[in-house]
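Take 549 as the starting number for the sequence shown in our numbering and just add one per residue.
As structure tokens, the structure follows; a few thoughts come after it.
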Amino acid sequence: MGTFALVILGFAILLVFMSVKSVPQGMEYTVERFGRYTNTLTPGLNIIMPIIDRIGNKLNMMEQVRDVPSQEIITKDNAMVTVDGVVFFQVMDAAKASYEVNQLEIAVLNLVMTNIRTVMGSMDLDELLSKRDEINARLLNVVDDATSPWGLKVTRIEIKDIAPPRDLVDAMARQMKAEREKRASILEAEGLRQAEILRAEGEKQGAILDAEGRKEAAYRDAEARERLAEAEATATKVVSEAIANGSVQAINYFVAQKYVESLKEIATADNSKLVLMPLEAGSVIGALGGISELAKEAMTKKG
549 MGTFALVILG FAILLVFMSV KSVPQGMEYT VERFGRYTNT LTPGLNIIMP
599 IIDRIGNKLN MMEQVRDVPS QEIITKDNAM VTVDGVVFFQ VMDAAKASYE
649 VNQLEIAVLN LVMTNIRTVM GSMDLDELLS KRDEINARLL NVVDDATSPW
699 GLKVTRIEIK DIAPPRDLVD AMARQMKAER EKRASILEAE GLRQAEILRA
749 EGEKQGAILD AEGRKEAAYR DAEARERLAE AEATATKVVS EAIANGSVQA
799 INYFVAQKYV ESLKEIATAD NSKLVLMPLE AGSVIGALGG ISELAKEAMT
849 KKG
């Protein structure tokens with residue numbers, strides 16, 4: 549009896565251990581009863597019926613990332629390129645992921661690779677290299693719709709690398725170099741054109757300013773000559789009136805003026821190196837005195 553009781557106790561303890569299941573965070577377990585799915589165990593402590601229930605599949609419910617193997621693709625313009633990528637997905641329904649598809653990860657990768665060939669094969673090489681965002685969006689829409697019955701949510705698909713053949717890369721490099729040289733030539737020609745325009749504008753402005761300067765100088769010269777003529781006319785009038793009144797100083801003024809002008813011409817002549825001539829200082833001084841007396845008489849008359 550003691551041995552039988554121990555066996556019963558041990559069997560009861562075994563049943564308790566078999567009925568209690570602890571599910572870690574981020575995981576879900578499917579439960580099968582006699583091979584048929586019944587429910588899903590969520591993270592935490594769960595109770596199942598021992599012996600008749602068992603754990604079917606243990607699924608990771610966190611977002612997962614898988615590398616898409618590289619493959620060769622023929623583009624619309626018959627260029628051969630090697631492409632690889634990465635796919636992000638998350639299991640949303642553990643039951644569907646377990647029983648709607650076999651080998652879930654392999655199915656997702658094969659579906660992504662097939663759609664990469666379909667989408668990228670319908671585009672030109674230039675579009676492949678310049679429209680990665682569009683390619684990623686098209687792949688995501690197609691694959692997400694296809695995997696929805698499997699209880700999956702495909703969150704992102706990214707094309708990592710697009711590798712054209714070496715000869716095609718060299719041809720593209722030459723084309724790019726030619727385009728850069730063309731743009732450089734255009735910019736250089738445009739720069740020369742702008743420089744010529746600016747230089748012509750500068751010369752035009754310089755000519756305008758020079759003409760305006762000459763005009764202003766001519767105006768100033770004419771004004772100065774007019775003032776000088778007015779002064780000479782006034783002086784001549786005063787001297788004429790003085791001579792008419794019998795003033796000796798006026799006569800001396802004219803004689804001194806002509807005397808000084810003659811000496812100036814002799815001194816500034818090109819063929820004159822040294823001039824020696826007798827000068828009567830008293831006559832010149834007397835003439836200057838006459839000028840002073842003449843000026844005083846003019847001021848007295850004005851007063």
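Ideal Cβ positions, reconstructed from N, Cα and C, are used throughout, including at glycine.
Since we're looking at a predicted model, the values are computed, not measured.
With a threshold of 8 Å on Cβ separation, who are the neighbours of residue i within its own chain once the five nearest residues in sequence on each side are excluded?
| i | result |
| --- | --- |
| L557 | none |
| M575 | P591, K606, L607, N608, M609 |
| I621 | M628, V629, T630, V631, I664, R665, M668, G669 |
| G750 | none |
| Q619 | T630, V631, D632, M661, I664, R665 |
Just tell me which of the options has its CA closest to the CA of residue i.
| i | options | result |
| --- | --- | --- |
| P572 | A748, M609, F637 | M609 |
| Q638 | Q753, I664, V702, S670 | V702 |
| R704 | E744, F636, T666 | F636 |
| E653 | R614, G739, V631 | R614 |
| G699 | V656, E706, I707, I683 | V656 |
| I561 | L746, I603, P598 | P598 |
| F582 | L593, N594, I600, F565 | I600 |
| E611 | A743, M640, S618, N626 | M640 |
| R602 | V616, M724, A737, R584 | R584 |
Check whether the Cβ atoms of residue i and residue j sit closer than 8 Å, and answer yes or no.
| i | j | result |
| --- | --- | --- |
| L673 | P712 | yes |
| L677 | I710 | yes |
| M671 | K708 | no |
| V667 | I683 | yes |
| Y577 | T588 | yes |
| V649 | E706 | no |
Ends of the beta strand (DSSP E) at residue i?
| i | result |
| --- | --- |
| G583 | Here G583 belongs to no beta strand (DSSP E), and DSSP marks it neither H nor E. |
| K606 | 601-608 |
| M628 | 628-639 |
| G699 | Segment: none, G699 is in no beta strand (DSSP E) and carries neither H nor E. |
| D674 | It is not in any beta strand (DSSP E) - D674 instead sits in the alpha helix (DSSP H) that spans 673-678. |
| E611 | Where E611 is concerned, there is no enclosing beta strand (DSSP E), given that its DSSP letter is neither H nor E. |
| I596 | No beta strand (DSSP E) holds I596; DSSP gives it neither H nor E. |
On the criterion of 16 or more Cβ atoms from any shown chain inside 10 Å, does residue i qualify as buried, or is it exposed?
| i | result |
| --- | --- |
| T630 | exposed |
| A555 | Reading off the sequence shown, one finds Val at residue 555, where the question assumed Ala. By the 10 Å Cβ count, V555 comes out exposed. |
| A732 | exposed |
| A721 | exposed |
| L761 | This sequence places Gly at residue 761; Leu is not what is there. Exposed, since its Cβ has fewer than 16 Cβ neighbours within 10 Å. |
| G604 | buried |
| V564 | exposed |
| A642 | buried |
| A779 | exposed |
| A645 | buried |
| T695 | buried |
Apart from the five residues just before and just after residue i, which ones in its own chain have a Cβ nearer than 7 Å to its Cβ?
| i | result |
| --- | --- |
| I596 | S567, K569, V579 |
| K763 | none |
| N594 | K569, V571 |
| V691 | L659, V660, N663, V702, I705 |
What are the boundary residues of the alpha helix (DSSP H) that residue i is part of?
| i | result |
| --- | --- |
| K644 | 642-647 |
| I556 | 550-567 |
| G669 | 652-669 |
Measuring from the CB of residue i, is there a heavy atom of the ligand NAP at a distance below 7 Å?
| i | result |
| --- | --- |
| R773 | You won't find the ligand NAP in this model; it holds no ligand whatsoever. |
Within 8 Å (strictly less), CB to CB, does residue i reach chain B?
| i | result |
| --- | --- |
| N650 | Note that chain B does not occur in the displayed structure, where there is just one protein chain. |
Excluding five sequence neighbours on each side, which residues of the same chain lie with their C-beta closer than 6 Å to the C-beta of residue i?
| i | result |
| --- | --- |
| D769 | none |
| R714 | none |
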